[in-house]
Amino acid sequence: VMAEIHLKKLIDAINKFKDKEPRVQVFGSLVGIKSCPIVPEYSVHFITWFIGCIFERDPQIPDSELTDGRSSVDPKLASDIVIDAFKDYADDDTMQYLKYTLKVKLESEATKSESGVVVVDTGELCQ
Numbered sequence: 412v413m414a415e416i417h418l419k420k421l422i423d424a425i426n427k428f429k430d431k432e433p434r435v436q437v438f439g440s441l442v443g444i445k446s447c448p449i450v451p452e453y454s455v456h457f458i459t460w461f462i463g464c465i466f467e468r469d470p471q472i473p474d475s476e477l478t479d480g481r482s483s484v485d486p487k488l489a490s491d492i493v494i495d496a497f498k499d500y501a502d503d504d505t506m507q508y509l510k511y512t513l514k515v516k517l518e519s520e521a522t523k524s525e526s527g528v529v530v531v532d533t534g535e536l537c538q
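For the sequence shown, counting from 1, position 84 maps to 495 in the numbering used here; every step adds exactly one.
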């Protein structure tokens, strides 16, 4: 009974704050609340997998709630995670292109930050 009460309160809170906070819409979408259609259904698995991989592979990353929905990620770590997602599905030429494009893009993003990291914004990740 307590679990259902907490679940109901969670859903009520999501519905209350979804229009005020994009991260609440993202979370609502990821847990299947149809009134939060920010994340397309086909991408839910990839997004949750990607976020999970970031935190699993680098436990030093602070909880995104403590950093306003943004997590600083080493560019190589972010690149490795994306490459892992496609390695079983893409041919060699596509993988080489992906690796090069990611390296250039992520290094460019990391250069923009003072600490040399890529910032993963959970709100922007889904757009």
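Glycine is no exception: its CB is placed at the ideal position from the N, C-alpha and C atoms. The structure displayed is predicted, hence computed values, not measured ones.
Just to confirm my understanding: we take ASP469, look at its own chain, exclude 5 residues before and 5 after, and list those with CB closer than 8 Å. What are they? VAL484, ASP485 and LEU488
Assuming ASN426 contacts SER446 under a Cβ cut-off of 8 Å, what Cβ separation, rounded to an integer in Å, is found between them? 7 Å
Nearest-angstrom beta carbon gap, PHE428 and VAL437 [assumed within contact, 8 Å]: Rounded, the Cβ-Cβ distance is 12 Å, inconsistent with contact.
DSSP on VAL484, reduced to helix/strand/coil? strand
Cα-Cα separation between ILE494 and TYR453, rounded to whole angstroms: 19 Å
For the putative contact between ILE399 and PHE457, defined by C-beta atoms under 8 Å, what is the C-beta separation to the nearest angstrom? The question about residue 399 has no answer, for the chain in this structure spans 412 to 538.
Would you report the Cα separation of SER519 and THR512, rounded to the nearest angstrom? Taking the straight line from one Cα to the other gives about 11 Å.
By a C-beta neighbour count over all protein chains shown, 10 Å radius and 16 as the cutoff for buried, is LEU418 buried or exposed? exposed
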